[in-house]
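Just below is one structure, and these are the notes that go with it.
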DNA sequence: TAACCATCCTGTTAGC
DNA sequence: TGCTAACAGGATGGTT
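Numbering (my numbering), first residue to last: 3 to 291.
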């Protein structure tokens, strides 16, 4: 499941390959991958073909590639199973939904395959607008509601903690709320909560400033470590732009570890249904209090 | 206005 | 062996 570390690994991998490249042609194999595009596939192809790409940017799990000569950008979201694979001109990938043929002045011809098994991801052309948070940043209009991520040096801890304490919800729901803090998904929410010894159903109102601060620190630690290890791969669902797996799955303490002993106290990790997904936690270390 | 939840989607796997 | 149902979860729009 691509979360912040996985998306950042892909963004960084794309940067040297696409910056300065021109889009020679576009093929849309599955229109459903354009769900977030405001027009038909012909419009997507017309607006992208012939454009020169600039350095990719990211906010949370969304990334975008600015297009030369205007305020338009190519927005990418990987959803559950999206992959961006850089290939030579002859390489095909199973379940490629959209293909871009690129021409790079230094690297020559390059193929960008947008592969997506479950089609929760998407590509779209969008325009940049200023954000409401400070300092001002230009982001695609469809991304304007997404908060900064905790690895962004402009992330405002005080604002986050204040908003968190005012919410009438529970902590895992809050961590997954991309308008409050972005980039965290189910895996890293469970890992951060395990590290901070907080139960997923702890009400945000009773968490307290000290524990909230500690949780934010653990979120940063977990994301930073996962990023350093190239992201989390369980199977071929997440690969970097070169088709390689990340290694963070070897470092997981809670997510997917149901039945395994908690690395801290030895009690078996439990998995419960929560928000239409799984929540993994240690019933001894992580209690509502 | 905020919180919650069904929905989208398909390859894999477990169960019969 | 082959069929069916359950499962995985990010974002969103509709409902409460």
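We put the beta carbon where it would ideally sit given N, CA and C, even for glycine.
The criterion of a C-beta distance shorter than 8 Å is not satisfied by residue 164 and residue 178. In the structure shown, residue 93 falls within a coil segment according to DSSP collapsed to helix, strand and coil.
The segment 88–104 and the segment 26–34 touch, with no fewer than 3 CB-CB distances between them shorter than 8 Å. Counted as a single uninterrupted DSSP element, the beta strand (DSSP E) harbouring residue 24 occupies residues 24–30. No residue range can be given for residue 122, since it is assigned to no alpha helix (DSSP H) and is classified by DSSP as neither H nor E. Each of 255, 155 and 152 was checked against the Cα of residue 193, and the nearest Cα belongs to 255.
In this structure, the CA atom of residue 77 is about 8 Å from the CA atom of residue 124.
Per DSSP, residue 162 is one residue of the alpha helix (DSSP H) stretching across 159–168. Of the candidates 22, 55 and 234, 234 places its Cα closest to the Cα of residue 253.
For residue 223, the enclosing alpha helix (DSSP H) covers residues 211–230.
Each of 266, 148 and 104 was checked against the Cα of residue 91, and the nearest Cα belongs to 104.
By the neighbour-count criterion, in which 16 or more other beta carbons inside 10 Å mark a residue as buried, residue 208 falls on the exposed side.
Nearest neighbour of residue 221 by Cα position, chosen from 206, 241 and 184, turns out to be 184. Residue pairing from DSSP places residue 105 in a beta bridge opposite 24 and 111.
DSSP places residue 282 in the strand class (E or B) of the three-state scheme. A direct Cα-Cα distance of roughly 24 Å separates residue 87 from residue 151.
In this structure residue 106 is in contact with residue 19, their Cβ atoms being roughly 7 Å apart against a cut-off of 8 Å. For residue 98, the three-state secondary structure derived from DSSP is strand. Remark: C-beta atoms of residue 13 and residue 82 do not approach each other more closely than 8 Å. Sixteen is the threshold: when 16 or more other Cβ atoms of the shown chains lie within 10 Å of the Cβ of residue 53, as they do, the residue is buried. Around the CB of residue 210, fewer than 16 other CB atoms lie within 10 Å, so the residue is classed as exposed. In the structure shown, residue 151 adopts coil according to DSSP, grouped into three states. Residue 25 holds the alpha-carbon nearest to the alpha-carbon of residue 111 among 62, 25, 166 and 140. Shortest Cα-Cα distance from residue 201 to any of 180, 130, 181 and 273 involves 273. Our two residues, residue 62 and residue 4, have alpha carbons roughly 11 Å apart in a direct line. The distance from the Cβ of residue 228 to that of residue 7 is about 4 Å, consistent with a contact at the 8 Å cut-off. With fewer than three CB-CB distances shorter than 8 Å, the segment 68–75 does not count as touching the segment 37–47. By the beta-carbon neighbour count (other beta carbons within 10 angstroms, threshold 16), residue 290 is exposed. Look at residue 11 here: in three-state DSSP terms it is helix.
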